[in-house]
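Residue numbers (the working numbering): 6 to 451.
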């Protein structure tokens, strides 16, 4: 997957800026617009500009939609994957696709022999129409195709072919075929369990689907477990919600995270509203504990409700042997990261209040207004569901809700049988960075 450096390309010529620039040039000239008009004229009149014309640009912006309201867990997905597998088998039999030179980034307006290989790669995978030709120009057809490819692989759809876009493109076709075959089996194994209404967490995609009557009614970005603290695969049923929950630090988090943090900063617990209790419920001052040992593990460390609580406004409970759950988080900025494998096993949910309103809608007296009022009060309160809702934590690195739109994600936990699918060098970089940032590591503990 891409990291921060792969996402930040600085100012660039986007389709929107190109169109706005054209409009500005045709408007009444103001100071500063003459240079823009001359630059645009030079570009359009350049003999090496390739197929730049209005008709081409208009048609090139017609990117086929990648998103779908069809659930990942459905018989329609299996049918689409079967068709995709047949297509990928043909691609493999024909020799696969070419390797794309992974040197300099390529974007709209670039002229390079490498664009020819890029076009060929995108055409074989169905992202670029065959009619787009084999020009060396990175034109609007290629821009739209790269964006479509990126969206299918969970990458920022910015149209810039760069390091991790190249990595995804250069996974051989036979490995992608194997990924589809592995994951269709995973999906098929789940279909007999499905209810009309359920929640599905896809761990490699770090995403959540709320499904009802065969349609996705809500999608949520998620943060899931790190490689060394993996989110488990499980089936359960949501039983209740805790509004303004306490957070109880498990022994593993006390040992691995809190003790080292207290060694560095003795005020850490106080600043984060975490209190210590003994077995009789008596509060213990942090100063009475030897933080150079594991003494703290034998006590209960509990964080009070509030804005900085590790679970923020809500905890979603379902019985399971792993003691994991879904919850809100005060660290909302992490949802904008591409590498969202940051927790210690639990699943953080973006826009979680939308999800809990949907979960609790059949519970008398618990509409959105009351939920928001209770959260605003910072008072601890529970919602016990009258009807439990199935929840599935799943591991799907490949799926297709449409035969022509095949989705792939990194095999973050290395369960697909090939190290190349895991992008392990990306993981190593991410986790090295996390070791320097305890908040990115997931101070919620889960």
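C-beta atoms are modelled at their ideal positions from N, C-alpha and C, and glycine is treated no differently. Being a predicted model, the structure only gives us computed values, none of them experimental.
Taking all protein chains shown into account, residue 250 has 16 or more neighbouring C-beta atoms within 10 Å of its C-beta and is therefore buried. Fewer than three beta-carbon pairs drawn from the region 187–200 and the region 326–333 are found closer than 8 Å, and the two stretches are therefore not classed as touching. A direct Cα-to-Cα measurement between residue 98 and residue 375 gives close to 59 Å. Under the three-state reduction of DSSP, residue 426 is assigned to helix.
Contact check for residue 77 against residue 193 fails: the beta carbons are separated by 8 Å or more. Residue range 168–174 is occupied by the alpha helix (DSSP H) that includes residue 172.
In the three-state scheme derived from DSSP, where H, G and I count as helix and E and B as strand, residue 230 is classed as strand. With 16 or more other Cβ atoms from the protein chains shown falling within 10 Å of its own Cβ, residue 320 counts as buried. Put simply, the backbone Cα of residue 202 is about 43 Å away from that of residue 112. Burial check for residue 82: the Cβ neighbour count within 10 Å reaches 16 or more, so the residue is buried. 92 is the residue among 236, 92, 107, 232 whose C-alpha sits nearest the C-alpha of residue 179. The beta-carbon distance between residue 418 and residue 235, rounded to whole angstroms, is 6 Å. This is short enough to meet the 8 Å contact definition.
With respect to residue 354, residue 225 sits close: the two C-beta atoms are nearer than 8 Å. By DSSP's assignment, residue 397 forms a beta bridge with 205, 240. For residue 99, the secondary structure class from DSSP, reduced to helix, strand or coil, is coil. Proximity of the region 204–213 to the region 404–424 meets the contact definition, three or more beta-carbon pairs being nearer than 8 Å. In the structure shown, residue 104 falls within a coil segment according to DSSP collapsed to helix, strand and coil. Secondary structure at residue 406: strand, using DSSP grouped into helix, strand and coil. One alpha carbon belongs to residue 310, the other to residue 248, and they sit about 9 Å apart. Put simply, of 169, 426, 411 the residue whose alpha carbon is nearest the alpha carbon of residue 88 is 411. Closest by C-alpha distance to residue 114, out of 174, 149, 70, 80, is 149. Looking at the DSSP output, residue 327 shares a beta bridge with no other residue. Bounds of any beta strand (DSSP E) do not take in residue 72, whose DSSP letter is neither H nor E. Excluding sequence positions up to five before and after residue 365, its CB lies within less than 8 Å of the CB of 246, 371, 376, 388, 390, all in the same chain and listed in chain order.
Put simply, the backbone Cα of residue 242 is about 4 Å away from that of residue 395. Around the beta carbon of residue 414, 16 or more other beta carbons sit within 10 angstroms, so the residue counts as buried. Residue pairing for residue 267: DSSP places it in no beta bridge. One alpha carbon belongs to residue 283, the other to residue 305, and they sit about 6 Å apart. Taking 8 Å as the upper bound for CB-CB distance, residue 174 and residue 124 are not in contact here, some 12 Å apart. As DSSP reads the structure, residue 247 sits in a beta bridge with 320, 387.
Between residue 244 and residue 393, the CB-CB gap stays under 8 Å.
Residue 296 sits in coil when the DSSP states are folded into three classes, being neither helix nor strand. Scanning its chain for C-beta atoms nearer than 8 Å, with the 5 sequence neighbours on each side dropped, one finds around residue 339 the residues 228, 345, 347, 353, 445, in chain order. Between residue 308 and residue 295, the alpha-carbon positions lie close to 20 Å from each other.
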